[in-house]
Amino acid sequence: MDFNPHITVATIVEDDGRFLFVEELKNGKLVLNQPAGHLDPNETLRDAAIRETLEETGWDVELTGVVGIYLYTAPSNGVTYQRVCFSAKAVKHHPERALDTGITGAPWMTRDELAGQPERWRSELVLRCVDEYLAGPIHSLDVVRD
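In C-alpha coordinates:
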(Lines of atoms letter the chains of each structure in order from A and count residues from 1; the text may use other names and numbers.)
(Lines give C-alpha, C1' and ligand atoms only; values in the text may rest on other atoms or scores of the structure.)
Protein backbone atom coordinates (compact mmCIF):
# COMPACT_ATOMS: atom_id res chain seq x y z
CA MET A 1 0.00 0.00 0.00
CA ASP A 2 1.39 3.38 -1.01
CA PHE A 3 1.23 6.26 1.44
CA ASN A 4 1.82 9.61 -0.22
CA PRO A 5 0.97 12.52 2.04
CA HIS A 6 0.48 15.89 0.36
CA ILE A 7 2.51 18.81 1.70
CA THR A 8 0.44 21.98 1.89
CA VAL A 9 0.75 25.48 3.30
CA ALA A 10 -1.88 27.85 4.66
CA THR A 11 -1.74 31.45 5.80
CA ILE A 12 -3.65 33.18 8.59
CA VAL A 13 -3.81 36.86 7.66
CA GLU A 14 -5.38 39.06 10.34
CA ASP A 15 -6.12 42.76 10.24
CA ASP A 16 -7.89 44.38 13.20
CA GLY A 17 -9.83 41.26 14.20
CA ARG A 18 -10.77 40.24 10.67
CA PHE A 19 -9.23 37.33 8.80
CA LEU A 20 -8.60 36.89 5.09
CA PHE A 21 -10.31 33.83 3.65
CA VAL A 22 -10.71 32.26 0.26
CA GLU A 23 -14.13 31.44 -1.09
CA GLU A 24 -13.78 28.61 -3.58
CA LEU A 25 -15.89 26.17 -5.52
CA LYS A 26 -15.39 22.60 -4.29
CA ASN A 27 -17.62 19.78 -5.52
CA GLY A 28 -20.24 22.29 -6.67
CA LYS A 29 -20.36 24.07 -3.31
CA LEU A 30 -18.84 27.40 -2.21
CA VAL A 31 -16.54 26.75 0.74
CA LEU A 32 -14.24 28.86 2.90
CA ASN A 33 -10.58 28.19 3.56
CA GLN A 34 -7.43 30.06 4.46
CA PRO A 35 -5.31 30.96 1.47
CA ALA A 36 -3.69 27.57 1.01
CA GLY A 37 -2.23 25.17 -1.49
CA HIS A 38 0.37 22.61 -2.38
CA LEU A 39 4.12 22.98 -2.23
CA ASP A 40 5.58 23.18 -5.75
CA PRO A 41 8.85 21.46 -6.77
CA ASN A 42 11.98 23.38 -5.73
CA GLU A 43 9.96 25.80 -3.60
CA THR A 44 10.41 26.61 0.08
CA LEU A 45 7.48 26.39 2.47
CA ARG A 46 7.67 30.15 3.06
CA ASP A 47 7.69 30.93 -0.65
CA ALA A 48 4.74 28.60 -1.20
CA ALA A 49 2.68 30.37 1.49
CA ILE A 50 3.42 33.81 0.02
CA ARG A 51 2.70 32.62 -3.54
CA GLU A 52 -0.55 30.83 -2.67
CA THR A 53 -1.83 33.85 -0.74
CA LEU A 54 -1.16 36.16 -3.67
CA GLU A 55 -2.62 33.77 -6.26
CA GLU A 56 -5.79 33.10 -4.27
CA THR A 57 -6.49 36.54 -2.75
CA GLY A 58 -4.55 39.18 -4.67
CA TRP A 59 -2.71 40.16 -1.46
CA ASP A 60 1.04 40.42 -0.94
CA VAL A 61 1.82 39.31 2.61
CA GLU A 62 4.76 39.26 4.97
CA LEU A 63 5.04 36.08 7.02
CA THR A 64 5.26 36.72 10.76
CA GLY A 65 5.34 33.26 12.32
CA VAL A 66 4.22 29.65 12.35
CA VAL A 67 0.85 28.77 13.86
CA GLY A 68 1.35 25.03 13.67
CA ILE A 69 1.94 21.90 11.64
CA TYR A 70 -1.11 19.70 11.11
CA LEU A 71 -1.73 16.20 9.84
CA TYR A 72 -5.21 15.82 8.36
CA THR A 73 -6.84 12.96 6.48
CA ALA A 74 -9.76 14.13 4.38
CA PRO A 75 -12.82 11.96 5.02
CA SER A 76 -14.09 12.62 1.49
CA ASN A 77 -11.16 10.95 -0.29
CA GLY A 78 -8.83 9.46 2.36
CA VAL A 79 -5.91 11.65 1.27
CA THR A 80 -3.55 12.72 4.06
CA TYR A 81 -2.28 16.28 4.09
CA GLN A 82 0.54 17.78 6.11
CA ARG A 83 -0.33 21.46 6.51
CA VAL A 84 2.16 24.07 7.65
CA CYS A 85 0.13 27.06 8.78
CA PHE A 86 1.82 30.46 8.83
CA SER A 87 0.69 33.79 10.24
CA ALA A 88 1.14 36.88 8.10
CA LYS A 89 0.30 40.53 7.79
CA ALA A 90 -1.28 42.04 4.70
CA VAL A 91 1.12 44.33 2.83
CA LYS A 92 -0.44 45.32 -0.49
CA HIS A 93 -3.63 44.45 -2.33
CA HIS A 94 -3.72 43.95 -6.11
CA PRO A 95 -7.47 44.14 -6.85
CA GLU A 96 -6.87 43.93 -10.60
CA ARG A 97 -5.16 40.55 -10.30
CA ALA A 98 -7.15 37.55 -11.50
CA LEU A 99 -7.59 34.93 -8.77
CA ASP A 100 -6.86 31.23 -9.23
CA THR A 101 -9.36 29.05 -11.07
CA GLY A 102 -12.23 28.09 -8.80
CA ILE A 103 -11.72 31.03 -6.44
CA THR A 104 -14.79 33.27 -6.35
CA GLY A 105 -13.63 35.78 -3.76
CA ALA A 106 -11.37 36.65 -0.85
CA PRO A 107 -13.62 37.89 1.98
CA TRP A 108 -12.45 39.32 5.30
CA MET A 109 -14.42 37.85 8.21
CA THR A 110 -14.27 37.77 11.99
CA ARG A 111 -13.69 34.54 13.84
CA ASP A 112 -17.35 34.53 14.95
CA GLU A 113 -18.62 35.04 11.40
CA LEU A 114 -16.57 32.02 10.33
CA ALA A 115 -17.65 29.95 13.33
CA GLY A 116 -21.30 30.61 12.47
CA GLN A 117 -20.93 28.91 9.07
CA PRO A 118 -19.50 25.42 9.73
CA GLU A 119 -21.25 24.01 6.68
CA ARG A 120 -19.02 26.25 4.53
CA TRP A 121 -15.63 25.23 5.96
CA ARG A 122 -13.50 23.34 3.50
CA SER A 123 -12.31 21.28 6.47
CA GLU A 124 -12.29 21.45 10.24
CA LEU A 125 -8.78 22.95 10.01
CA VAL A 126 -10.22 26.30 8.89
CA LEU A 127 -11.61 27.26 12.31
CA ARG A 128 -9.01 25.23 14.23
CA CYS A 129 -6.13 27.21 12.70
CA VAL A 130 -7.82 30.55 13.48
CA ASP A 131 -8.48 29.48 17.07
CA GLU A 132 -4.92 28.26 17.56
CA TYR A 133 -3.60 31.50 16.07
CA LEU A 134 -5.70 33.47 18.56
CA ALA A 135 -4.72 31.25 21.51
CA GLY A 136 -1.02 31.28 20.63
CA PRO A 137 1.79 30.90 20.90
CA ILE A 138 2.91 31.85 17.41
CA HIS A 139 6.26 30.21 16.73
CA SER A 140 9.26 31.91 15.18
CA LEU A 141 9.79 31.52 11.44
CA ASP A 142 13.21 30.16 12.42
CA VAL A 143 11.58 26.78 13.16
CA VAL A 144 11.16 26.33 9.38
CA ARG A 145 14.46 25.29 7.88
CA ASP A 146 14.86 25.56 4.12
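Quick note on numbering: the sequence shown equals residues 1 to 146 in the numbering used here. Heads up, the beta-carbon is just placed ideally off N, CA and C, and yes, glycines get one too. Fair warning: this is a prediction, and the values are worked out from it, not measured in the lab.
**Prompt:** Rounded to a whole number of angstroms, what is the C-alpha to C-alpha distance between glycine 65 and lysine 29?
**Reply:** 31 Å
**Message:** Rounded to whole angstroms, what is the Cα-Cα separation between isoleucine 69 and phenylalanine 86?
**Reply:** 9 Å
**the region 47-63 contacting the region 125-137, beta-carbon criterion three pairs below 8 Å** = Because the criterion of three Cβ pairs below 8 Å is not met, the region 47-63 and the region 125-137 do not touch.
**Per-residue burial, lysine 8 [other beta carbons within 10 Å of its own, 16 or more giving buried]** = Position check: residue 8 holds threonine in this sequence, whereas lysine was assumed. Answer is buried; the Cβ neighbour count reaches 16.
**Message:** Can you find the residues in the same chain that come closer than 8 Å, C-beta to C-beta, to tryptophan 121, ignoring five residues on each side of it along the sequence?
**Reply:** Val31, Leu32, Asn33, Leu114, Leu127
**Residues bridged to histidine 94 (per DSSP)** = Bridge partners of histidine 94: none, in fact.
**Message:** Counting C-beta neighbours from all protein chains within 10 Å, is the total for glutamate 62 16 or more, i.e. buried, or is it exposed?
**Reply:** Under this definition glutamate 62 is an exposed residue.
**Request:** Could you tell me which of Val22, Ile138, Trp108, Tyr72 sits nearest to asparagine 4, measuring between CA atoms?
**Result:** Tyr72
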